[in-house]
Structures are given as structure tokens and as C-alpha cells.
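Residue numbers (the working numbering), protein chains in the order written: chain A, 11 to 245; chain B, 79 to 757.
One structure below.
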């Protein structure tokens, strides 16, 4: 390579520039790490609150009261739910409003009404879910109570203290049903226009196993009545 | 006529270099054998006649260490395609040109839409390579993928393409995970200027029409060099693989240029820029619908370099550069996700120093700062349209303990704009070289930065409002660690063979954890993959201007977990064996030029989750082949025109070599046209 001999002035200037560059590299190297922020891209799951913690009891109650007022006014809120746990090996945390609540009541011959089913439809940031409790039991008019029932079993072995439960989760293109294997449902309130409680349940089978616990209060968008033979539904 | 050619060769050879003139016949000795006959001269070739050793024959490269160095002594495996071969290859796009580089696997999704994988890092993301145009990186600021249709040149404009295989992040930073493709645009010698204009048109076997047009101007006054390139391409509707559907036509226009001034032989100022736009199929890892999509890329780079400095410093370089990418599409045509409304930019500045510490010890030191931002509907709201900072620090040393032994070490730490921590990389090599052979042993560790999509993506369904796929900022950088041994042997002055064997360990490959309904995201696959590969490339100057280049590559995965579906390193996605043969040359006083290439790739299978919402793509790719060629003839129409016939065929015609259901099948296209060029 042919190099032209630089003049003394150029040489000095070049060396000064090179030394300044070396110093700049050191300065930049020490200063740049401070400019780089960690990525702020937490999962939408992280923005969800666990409404069922004791420390959030007041918050849950406030949200429930607000939702009840909205339901009474224009059905713009039909319930709230919070649950957390693990589904399909992924952590889940939901802090959600229901968009659909369906009660199925059985009108007995004596005119009393039993709550037979509760179906709760809601949405998390990542999936929609539908919780179904079948064979809930208990009179609709019971009002305030703390009734504990066992979750799990199959449709054929319904007993008074046993509730069949399932969770269906769905995205735009896929859905999956997870049946309850074991757990409990603690019904707090059960009224004509309200159902609330807590649950703790293990779900699914094989690779789709999961466990969630949560709490909810629901106000119906649909009430279906099943009239026992000989009963008068009062309508 | 043949006798006249031989005489011309003798005179040309004698005149071309002073060293030859001094030793011109009588008395030329090559390989200890006196040249006594003209036939002998043709047999040994020009290189032999000029008594060039292997190092001189191979020339130099800037692709491995970013500085000009002997290709023979380079610290990595490099294949080079020169302008002559590129022009006569029959390839209309750069990926089709790269098909013949050993270790490279190319899949065509649609016209102007290719996936290029290097050394087993197949997959459907295509972001494991750094692609440089005259030293300026053109990878996407969104996910570091390469949109080859936006590289603003065609094979006509190539001075040479150098493909570095193996991990070289210690030189190029994040994403030089599997290698580097360094594209050097056409050049000319001092005092010359070049004007070239071409137009070709033709059709394909699916009944479509196709055409290329291009313009090139280069002016070299020694101290000042101006370059301007412009291209336009149109491919009509091609047949898609499944169900007789058709792929959108491709229209691509581009222009690029540079201005380089060298003052006092020491101070070089270079300004380089380009803009390209493309309308082509949207097929992509996450977009599995083939609809027309418009993409635009613009880049600008400025560089100052002072070289040949006295004392400790050899060169100083300071540079700044930036590029912007925009993607638009008609969102009403999609059922799933698309990249519409994407605007992204990346800029940076850096300083490089090279030292001559001792006669046998050189060192480099450098740093760069990067600014990156993406504005797109699928980025996490907290990170969308936010400028992020990254940086890199690097150092290298070359030590020559003897005249025949080169030792090189380069180390680098990078924190890309989306990475959580500084990530190291290194490369260590030893090259022993003699007059007609060289052996190289190298070890390297490189990484790929997680992309914006992988780290901070949030794809929300417009209909349901649900998050369909979410990036994870905890995704670690995938790493490629490789050992390789290579050689270049020239048993004859006209024959050269370069075999390489390597062992790669792919760690932290990013997998699409699309299975759980409750949250679809990206995770690192805990299982490392181990693959063994071998490549060989030859070159034989067979006389009468004919050059033959055979090549072959083999990949075998030694360890592989079949659990998650990672983006790279899946055995089934790789052709185990790829072999090719290239031939090109001239005849009749260079009035005719020709190039013929053929290659075959063994079967492979894609079984991947792709698209949003995700679906399993399962496609068996049979044995595929590719043949292309060009014949050109110089005709004088008051000016030197070249009549050119170019043919390109993907075989078999009913085969689809891409994982996507709507990818195009094989086919043949032929173009004929004229080119005017002044050299």
C-alpha cells in the first residue's frame, strides 16, 4: 500500500484526533450504559390485580357496590371476578368484569326457587372464559350465607354438597374445556338478583392441568326458570 | 482465430503487470516448470503465468474484520461472488445469487420474498444474518429480518458479494448470529467512468410477464468517486402452491448512490444513501396471508476515515448512519395479523480506531451507540414510538508470530435497544498459510438480539380486543457457539479447493410458545441444539475463459429436542445436502459471455406454528432444484450493446419450497433484452 508521507502538522493533528477519539470511546463506553433503560413491556397479566386478597377486600367491596348500582340502573355492569393461579403451565391473573351472567333456577311445587346453575362469562386480556357451576343448590331466597360445597365429580353423582364445575377458555381461534377435578365453592350470597362467593379448584387433565382460586359477585343478565311438574312459576 | 486469441492472451498477460513484463517469455517458469508453448500458458491460466501465489489470487475482503485483509488469512469462512459471475448468473435477485454459496439455503415464498438461512439456522424468521451494502447494515429496525427486495441493487450492480459463515457478532454486533452478507457495489478504476443502462422483458411458465430495468453511473476521478444506481423490476402474478391461488405481483423500484472524496490520500469522506420501495406478497412468519403489501426503506450514512497515520495510530474512523422503514397494506384484505402501519427507524454513530502497535501486532478498538424506535399497532403501548438506546463496545488484536501464522482475537459487548443486559461475544482464530495452501481453526460465539416483536410485541385482535400474542422482555438472546476448521488448497495454479467442517451449538433459541390458550408468547427453548456441518467449494479455471465452481454442503443435527418449536435450528427445515455447480466464461474475443448454474437440495419438512392466530404449517418439500443461466452477445449499434438472454427455473414446477400455504410453486422465467455499458 502506498502511503503518502504526511506533513508534521497533519501528523500532529491526526494523532491529536486519534487520542481524542480514544478518549471519546472510553467516555462513551462509561456513559452509554446509563442511557439504556430496561424494556418496559410487562405482560398485560401483570397489570391485573388480585381482588381476592384480604388486603383488597375493601376494594372488592367498593367495586361490587358500584357494579350493583350500575346493574340496577342500566345493566352496564353485571359482575366482577378476580382469580389467579396457573393454567396450562402459564400463570394467570384476572381482574375482570363479567359481560354475561346467567342464572338457572328451579321453581319447586311449593313455590320456592332453588338455584340450579350459575354461568359467568368474562374476559381477561388474553382469553375469554366461561365458568359454569351446575347443581349449586340452596334456596334463591337464602340471602346472606356461607355455604361450602365441594367442586368436582361427574354429572351422575350430584349430591347436595357437591357442585359440578367447568371452565371453558377461548381465544379467537381456539377453545378448551377444563373440568373441575377437586376443590370447593364457598357461596357467600345467593339472592334472586345476585350470587357471590369464592372458589379454589384444580382443573383439567394431563397436560392441561391447572389450579385457580378466586372470588366473584354476579348480577344476572338472564334468568332461566325450570318449573317442576305441578309447580306454579307465579307468572 | 484461436491462434490470435492465444497471442492476445500472451500480450495482455505481459502488459498487465510489470512483474510479468520483466519475466515475460522467454523464460517464464510456473510451478518449477518452464513455459515453452502457448498451450502451457492456457493450462496454467493467467494467475499462474503471472506467478501469483494463492494469497494474491484470492484477493482481499472487508467482510470478516471490517478492514481490508487477505481473504486467505481471514478469520472466518468466506465465499465470494464477483461481478462477472453475478452478471452472467441468470439470477434476478440477490437471494437467488446466494443459492450457490455452500452452507446457504434459500427458500422462495413469493416474487421478491425470500428466506435465506445460513448453516442450519433455517426457520421462517430470517433474522440471523447481518446484510451490509457497502458497509451499511440494512436489516429491519423492527426485527432485524432482511427484506431482500428492499436492498436497492440487483445482481447487475454487484462488484462482489462476500458471504461470511459462522458467528461473527464480535465484529458486527447483535444479529451476526449465523453470518454476514457483505454486498459491494460495482466500481471502476481511477480515471474511468461507467455508464450502464439495461432493459429486459419476458414471461414465465405461469403465463405472467416480467421485466427488469436498471441504470448505473460511476465516475472515478481518483480523489472523488460518484456512484448512482437505479433499478426497477416487475414480476407478474405467479402461481401459488395450493389450490391454484395466485401470489400478488411484485413491483420494486430503488435508487442508491454514494460520494467518496479522498483528500491528501489520507482523509476519506464518504456519503452514502439509498431509497427503495416494493409492493409484494405479505407472507411472513406471523403473516401467513399472501396479500399485496407496500414497504419502503431509506438509509443514509456518513463516514470519515483518516488512514496511514504515523505512530501508534493507523486509522481513525467516525461514522453515523440511519435507516427508516415503513410498511403499509390494505387491512381489509386480512383475516389475521398484518404488519400494516409500521414505521421504524434506527440510527447510530460510532468510532473505530486501528493501531499498529508493533510490526507484528495490530489492534482495533471501537464503540457505537444506537437509537431505535418502532411505531406500530402491535408494539406494547409503553414501548410504542419510544426511542430506545443501545450500545456496543469492541476490541480486536491480530498477532503475527511468524510470516506464516496469523492469530486473531476479537471481543465485543453489546446491549441492543431491546436487550436487558450487556451480552458478550468473541471470535478467536489461527490461520497458517503457505504459498499454495492455508488452514484455519476458529472458535466463535455470537448472538441474536430478541426482536421488538419477541420482546415487546402485543398483537391485539381488532374484533375481540384480546391479546393474541405477547412479547416477553425476559426473552434472552439466542446464542450460536461454533468451532470450525477450514482450509484452502491450490494443488494447481488453476485449481482451488476450500473445505470447512464446523460444529455449532445453538442455545436459547427463541420458541413460539403458542400452545397455551391463556397467554401466547415467546420463550427461550431450554434445550440446546448441536449440529455438525461440512462445506466445500472449488474453483477451476479450465481454460478458454471457462471457470467452474462446484460447491456442496451437508448438515447433520447431533442433538435436538422436539418439544418446542424454535425459530431456528430445526433439522427438518434444513436440506441435509445441497450441491451446486456454476460455470461461466467468455469466448470469441469476449464477444460472447455465458453463465450456467444448477443446484439440487435434498428433501426437508416444515412443521411450524405460524401466523396470528397461530396455525400449524406442515409442508413436505421434495428434492428441489434450481437452474439459471445467461447468454450475452456484444453487438455494435453505434455503441457497445449487449444482447442478453436470461433463464431461471425453479424445479420441479409443482413444488413449493417454503412453509407457507400460499407460497409460489416452481416455474421458469425467461427474459431477453439489451444492455449498454461502457466497460
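Note that CB positions come from ideal geometry on N, CA and C, so glycine has one too.
Near-chain B residues of the region 170 to 197 of chain A (beta-carbon distance less than 9 Å), N- to C-terminal order: Those residues of the region 170 to 197 of chain A that come within reach of chain B (Cβ to Cβ, closer than 9 Å) are 179, 180, 181, 182, 183, 184, 185, 186.
Bridge partners - residue 63 of chain B, DSSP secondary structure assignment: Here chain B covers residues 79 to 757 and nothing more, so residue 63 of chain B does not appear.
Continuous beta strand (DSSP E) stretch holding residue 152 of chain B: start and end: Per DSSP, residue 152 of chain B belongs to no beta strand (DSSP E) and is neither H nor E.
Range covered by the alpha helix (DSSP H) that runs through residue 70 of chain A: 67 to 84
Candidates A/153, A/131, A/229, of which the one nearest residue 141 of chain A by Cα: Considering only A/153, A/131, A/229, the residue with the shortest C-alpha distance to residue 141 of chain A is A/131.
Closest by C-alpha distance to residue 477 of chain B, when choosing among B/602, B/507, B/204: Scanning B/602, B/507, B/204 for the CA closest to the CA of residue 477 of chain B turns up B/507.
Backbone secondary structure at residue 649 of chain B - three-state DSSP: helix
Expected contact under 8 Å - CB spacing of residue 412 of chain B and residue 367 of chain B to nearest Å: Right, the Cβ-Cβ distance comes to about 6 Å (below 8 Å), so this counts as a contact.
First through last residue of the beta strand (DSSP E) which encompasses residue 307 of chain B: In the DSSP annotation of this structure, the continuous segment of the beta strand (DSSP E) that includes residue 307 of chain B starts and ends at 302 to 313.
DSSP three-state assignment for residue 219 of chain A, whether helix, strand or coil: coil
Contact under 8 Å by Cβ, residue 601 of chain B with residue 550 of chain B: yes
Burial state of residue 665 of chain B (16 or more Cβ within 10 Å): exposed
Rounded C-alpha distance that separates residue 614 of chain B from residue 683 of chain B: Each residue's Cα considered, the two are about 24 Å apart.
4-residue-minimum alpha helix (DSSP H) runs that sit fully inside the region 241 to 266 of chain B, ordered along the chain: Entirely contained in the region 241 to 266 of chain B, the alpha helix (DSSP H) runs reaching 4 residues are, in chain order, 247 to 250.
Chain A contact residues for residue 594 of chain B, given Cβ-Cβ distances below 8 Å: 97, 98, 99, 100
Buried or exposed (CB count within 10 angstroms, at least 16 for buried), residue 717 of chain B: exposed
Residues that residue 229 of chain A bridges to, as DSSP identifies them: DSSP lists no partner for residue 229 of chain A.
Interface partners of residue 496 of chain B on chain A, CB under 9 Å: Those are 49, 51, listed as they occur along chain A.
Range covered by the beta strand (DSSP E) that runs through residue 753 of chain B: 745 to 755 is the extent of the beta strand (DSSP E) around residue 753 of chain B.
With 16 other Cβ atoms within 10 Å as the buried cut-off, status of residue 356 of chain B: buried
For residue 561 of chain B and residue 500 of chain B, the rounded distance between their alpha carbons: 23 Å
From A/68, A/62, A/196, A/34, residue whose alpha carbon lies closest to that of residue 158 of chain A: With distances taken between Cα atoms, residue 158 of chain A lies closest to A/196.
Three-state class that DSSP yields for residue 150 of chain A in the structure shown: helix
Sub-8 Å separation of residue 433 of chain B and residue 392 of chain B beta-carbons: yes
Cβ distance (whole Å) where residue 401 of chain B is taken to contact residue 375 of chain B below 8 Å: 6 Å
Near-chain B residues of the region 127 to 138 of chain A - C-beta to any C-beta below 9 Å: 133, 134, 135, 136, 137, 138
Residue 544 of chain B vs residue 182 of chain A beta-carbon contact at 8 Å: yes
Between the CA atoms of residue 92 of chain A and residue 246 of chain A - distance to the nearest angstrom: Only positions 11 to 245 of chain A appear in this structure, which leaves residue 246 of chain A out of reach.
Spatial distance of residue 328 of chain B from residue 165 of chain B (CA atoms): If I take the Cα positions, the gap works out to 22 Å.
Local conformation of residue 783 of chain B per DSSP, three classes: No information on residue 783 of chain B is available, as it lies outside the stretch 79 to 757 that chain B covers here.
Residue span of the beta strand (DSSP E) that contains residue 134 of chain B, given as start and end: In the DSSP annotation of this structure, residue 134 of chain B is not part of any beta strand (DSSP E); the continuous alpha helix (DSSP H) holding it starts and ends at 132 to 136.
Neighbourhood of residue 656 of chain B by C-beta, 6 Å cutoff - its chain only, sequence neighbours within 5 removed: 631, 679
Local conformation of residue 13 of chain A per DSSP, three classes: In this predicted model, residue 13 of chain A has a pLDDT of only 42, less than 50, meaning its place in the structure is not dependable; the value taken from the coordinates is given anyway. The answer is coil: DSSP assigns residue 13 of chain A none of H, G, I, E or B.
Chain-order list of residues whose beta-carbon lies under 6 Å from that of residue 472 of chain B (same chain, five-residue window excluded): 444, 490
Spatial distance of residue 564 of chain B from residue 210 of chain B (CA atoms): 24 Å
Neighbour-count burial assignment, residue 218 of chain B, 16 or more Cβ in a 10 Å radius: buried
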